[in-house]
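A.B. asks: Dumping the structure here so I can ask a few things about it.
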Amino acid sequence: MSKKYIYLSNNEKRIFLDSINNVVDDISIDSVRMNKLIALSSEYYFLKDDRKSFVLSKEAFEIAKQTKDSFSGTDIILYGGLFSRK
Numbered sequence: 271m272s273k274k275y276i277y278l279s280n281n282e283k284r285i286f287l288d289s290i291n292n293v294v295d296d297i298s299i300d301s302v303r304m305n306k307l308i309a310l311s312s313e314y315y316f317l318k319d320d321r322k323s324f325v326l327s328k329e330a331f332e333i334a335k336q337t338k339d340s341f342s343g344t345d346i347i348l349y350g351g352l353f354s355r356k
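To get my numbering, take the position in the sequence shown, counting from 1, and add 270.
Listed below in structure tokens is the structure:
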């Protein structure tokens with residue numbers, strides 16, 4: 271994120287993140303897309319937008335499951351606390 275991002279209002283930050291999210295949807299490399307989703311999820315989390323944070327975390331988790339990326343999948347579980355181990 272740029273230095274300008276820090277000074278935006280929370281509403282402006284959400285608009286900015288939404289625009290990035292639209293670009294992330296077009297990324298075809300799973301590992302890159304997953305990392306961007308995790309980063310976006312954390313930003314939404316800090317903006318208290320739990321719904322978007324959860325949706326993006328879950329999407330990243332599903333990519334990790336599909337690609338059998340257990341390391342990143344574990345990171346998502348531990349990072350967000352949104353999922354639990356069975």
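For each residue, glycine too, the CB sits at the ideal point set by N, CA and C.
#1: At which residue ranges does the segment 278 to 323 contain complete alpha helix (DSSP H) runs of 4 or more residues, listed in the order of the chain?
#2: Taking 8 Å as the threshold, find out whether the segment 302 to 311 comes into contact with the segment 324 to 332 through three or more Cβ pairs.
#3: What would DSSP say about residue 354, mapped onto helix, strand or coil?
#4: If we call anything under 8 Å between Cβ atoms a contact, is residue 310 one with residue 294?
#5: Let me make sure I understand the geometry here. Which of 321, 302, 274 has the alpha-carbon closest to that of residue 334?
#6: Classify residue 282 as buried or exposed, calling it buried when 16 or more other Cβ atoms lie within 10 Å of its own Cβ.
#7: Can you give me the C-alpha to C-alpha distance between residue 357 and residue 284, rounded to a whole angstrom?
#8: Just confirm the distance between the C-beta atoms of residue 296 and residue 337, as a whole number of angstroms; I'd bet it's less than 8 Å.
#9: Here's the rule I'm using: 16 or more other beta-carbon atoms within 10 Å means buried, otherwise exposed. How should residue 279 be labelled?
C.D. replies: Well, looking at it:
#1: Listed in chain order, the alpha helix (DSSP H) elements of length 4 or more contained wholly in the segment 278 to 323 are 280 to 294, 300 to 316.
#2: With the cut-off at 8 Å, the segment 302 to 311 and the segment 324 to 332 touch.
#3: As a working note, residue 354 is residue 84 in the sequence shown. Here the model assigns residue 354 a pLDDT of 43, short of 50, so the residue's position is not dependable, and the following value carries that caveat. Judged by DSSP in its simplified three-state form, residue 354 adopts coil rather than helix or strand.
#4: Within the sequence shown, the letter at position 40 stands for residue 310. Within the sequence shown, the letter at position 24 stands for residue 294. A contact, by the Cβ cut-off of 8 Å.
#5: Within the sequence shown, the letter at position 64 stands for residue 334. The closest CA to that of residue 334, considering only 321, 302, 274, is found on 302.
#6: Reading the sequence shown from its first residue, position 12 is the one you call residue 282. It is exposed - the Cβ of residue 282 has fewer than 16 other Cβ atoms within 10 Å.
#7: Residue numbering for the chain in the displayed model covers 271 to 356; residue 357 lies beyond these limits and cannot be assessed.
#8: Residue 296 sits at position 26 when you count from the first residue of the sequence shown. Residue 337 sits at position 67 when you count from the first residue of the sequence shown. With a contact defined as Cβ atoms closer than 8 Å, residue 296 and residue 337 miss out at about 18 Å.
#9: Working through the sequence shown from its first residue, we reach residue 279 at position 9. Label assigned to residue 279: exposed.
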